[in-house]
Amino acid sequence: MGREKMRRWLYILLVMIPCLVGSVWIVLWQDEQQQQQLLEETRLFANIHKNDLDRFLAETTTKLETLAFIVSKHMAMLSEKDINNILQQMQKHDVRFHHISFFSESTNQAMRLAKTTKQTVIDSGPTTIVTPIIDEKTSDAVGFFVAELRMDYIKKRIKIIDPNASFRLYDEHGAILLATNELRPSQQTVTVHLNHAPWAIEANVPSISTKQKMQMALPYILSLIVFIHIIWLFVQYWLLKRQATMERIETEAQKLELVGTLAASTAHEIRNPLAGIKGFIQLLSEKHKDNESQLYFSVIQNEITRINDIVNEFLILGKPTAQKLETCDLNYIVQSIHPMIESQAHLHNVAYTFQRADVPLPIRCSKDHLKQVVLNLAKNAIEAMPHGGKLTISLTKQNDWAVLQVTDNGCGIPDDVKHKLFQPFVTSKQAGTGLGLVICKRIIDMHEGTIDIHSIEKEGTTIIVRLPLRQEVE
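The working numbering applies: residue 299 is where the sequence shown begins, and numbers increase by one.
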């Protein structure tokens with residue numbers, strides 16, 4: 299129940315909350331991106347309309363100024379009626395003009411301004427263009443062309459360019475000259491000013507509905523949910539693997555504790571009968587000297603010795619006896635058992651090489667236990683080469699570690715056994731107990747060291763033992 303409750307809390311913390319926070323962030327991010335995109339698009343279309351209006355005003359102004367220049371050349375020969383006839387013909391053929399009139403005197407503020415400046419004036423109320431007719435001799439305004447522009451024509455041009463346009467055209471006083479569509483609610487507007495008139499275009503940036511926001515964000519939200527759930531599955535896998543590892547370690551510890559308890563309680567009961575049996579076998583072997591009896595006695599003695607060794611391994615495995623620790627040179631420890639390893643190697647037709655370290659390797663240890671480790675590793679290596687081979691034991695210093703390396707070119711370790719090497723009673727040997735490497739690891743752990751095994755089947759095995767260095771040798 300507690301584990302399931304913890305799993306639910308982990309799901310809330312690792313999946314639900316990140317999905318919720320991530321979804322909100324995605325919606326806000328998408329909204330910001332879309333608003334920025336709409337702002338740029340609105341600014342682009344506003345500038346397109348601004349350029350179109352500028353071009354429209356420039357063309358109409360140029361046309362009126364050209365006509366004013368021609369009329370000024372023939373002013374003496376043209377009556378007011380002739381001029382109005384020309385303007386009527388021009389109005390018929392140019393849809394941009396709603397009405398064009400000729401005035402000989404200035405009658406409003408726009409005309410007076412055009413007379414003073416001698417330049418075309420664009421007036422916003424109504425939307426008209428006032429162009430003065432300048433006498434070449436006196437340089438005075440002798441008349442005015444007043445053209446009222448067709449705002450519906452401008453609106454139609456805008457609709458062709460952008461049917462969904464939603465903006466207003468303001469004059470210099472803020473009065474609305476033109477509005478397209480119904481202005482939609484918006485938090486943002488884009489304003490651009492015309493070059494040929496004191497007017498400004500204010501375009502509304504379209505708003506995005508909640509439904510549109512969710513539709514745009516949905517693919518990203520779904521991807522986020524899938525990604526977070528993949529992470530959750532990896533976390534679940536890691537937790538289950540960690541739980542299985544912890545349960546395995548706990549099981550191994552219980553197994554070792556059981557072995558230790560069994561060994562401690564039965565060691566003497568087993569050893570005492572063995573000692574008696576061994577003594578009687580010794581007496582019988584002295585009494586019966588024939589070869590057949592001696593063969594049987596030898597087998598019995600060997601098996602008794604083997605039973606005794608197994609009991610000793612049980613004792614070390616279950617509850618290693620307290621040993622006096624002292625600082626010793628690892629070179630010396632391995633050198634002291636060099637003859638024993640050499641004789642065993644020679645007996646099995648194995649070429650044995652021992653390489654000392656160039657410097658002292660002081661470690662805090664129990665010499666007997668470390669000797670047992672080295673002998674056990676060497677014994678395993680020799681047994682892995684039944685038809686001969688090469689065994690190398692080398693010592694080196696790596697930073698703050700003394701490194702013992704045992705290498706052979708024997709049969710290697712099967713793949714199905716590698717991950718179980720340090721489990722009790724696991725062995726690939728017919729006569730093995732499956733306790734040798736377990737004992738080695740237990741002793742190395744007691745000395746705060748590490749042991750690693752690298753093996754390739756049918757090529758050989760390398761075992762690396764690392765022990766922490768001390769300052770000096772006692």
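Where a beta carbon is used, it is the ideal one built from N, C-alpha and C, also for glycine.
Confirm, please, whether the CB-CB distance from residue j to residue i is below 9 Å.
i	j	result
residue 605	residue 579	no
residue 474	residue 466	yes
residue 428	residue 440	no
residue 398	residue 385	yes
residue 655	residue 694	yes
residue 442	residue 402	yes
residue 351	residue 471	no
residue 498	residue 489	yes
residue 680	residue 646	yes
residue 413	residue 404	yes
Measuring only the C-alpha atoms, how far is residue i from residue j?
i	j	result
residue 528	residue 539	16 Å
residue 461	residue 468	20 Å
residue 639	residue 669	11 Å
residue 329	residue 506	8 Å
residue 736	residue 516	56 Å
residue 684	residue 678	11 Å
residue 500	residue 491	9 Å
residue 707	residue 576	38 Å
residue 337	residue 346	14 Å
residue 650	residue 675	13 Å
residue 400	residue 339	43 Å
residue 741	residue 636	20 Å
residue 343	residue 425	23 Å
residue 632	residue 672	7 Å
residue 459	residue 450	14 Å
residue 688	residue 522	57 Å
residue 302	residue 532	17 Å
residue 564	residue 585	32 Å
residue 594	residue 648	30 Å
residue 305	residue 696	44 Å
residue 396	residue 348	21 Å
residue 370	residue 380	13 Å
residue 537	residue 546	14 Å
residue 323	residue 309	20 Å
Using three-state DSSP, classify residue i as helix, strand or coil.
i	result
residue 622	coil
residue 506	coil
residue 497	coil
residue 667	helix
residue 769	coil
residue 652	strand
residue 444	strand
residue 673	helix
residue 477	strand
residue 713	helix
residue 438	coil
residue 372	coil
residue 464	coil
residue 720	coil
residue 394	coil
residue 646	coil
residue 657	coil
residue 739	helix
residue 688	strand
Between the options, which lies nearest to residue i when the distance is taken from Cα to Cα?
i	options	result
residue 510	716, 326 and 743	326
residue 663	686, 754, 765 and 672	765
residue 363	476, 419 and 703	419
residue 391	358, 373 and 379	358
residue 415	432, 518, 422 and 496	432
residue 776	661, 600 and 652	For residue 776 there is no data in the structure shown, the boundaries of the chain being 299 and 772.
residue 755	682, 470, 749 and 769	682
residue 568	602, 413 and 592	602
Who are the Cβ neighbours of residue i in its own chain at under 7 Å, not counting the five residues just before and after it?
i	result
residue 720	735, 736 and 739
Excluding the five sequence neighbours on either side, which residues of its own chain have a C-beta within less than 8 Å of the C-beta of residue i, listed in chain order?
i	result
residue 753	710, 711, 716, 759 and 760
residue 508	none
residue 387	none
Can you list, in chain order, the residues of its chain with a C-beta nearer than 6 Å to that of residue i? Leave out the 5 residues immediately preceding and following it.
i	result
residue 313	526 and 530
residue 705	690 and 760
residue 700	628, 659, 661, 765 and 767
residue 748	764
residue 447	425
residue 504	336
Using a Cβ-Cβ distance under 9 Å, would residue i count as near chain D?
i	result
residue 421	Here chain D cannot be found, since the structure has a single protein chain.
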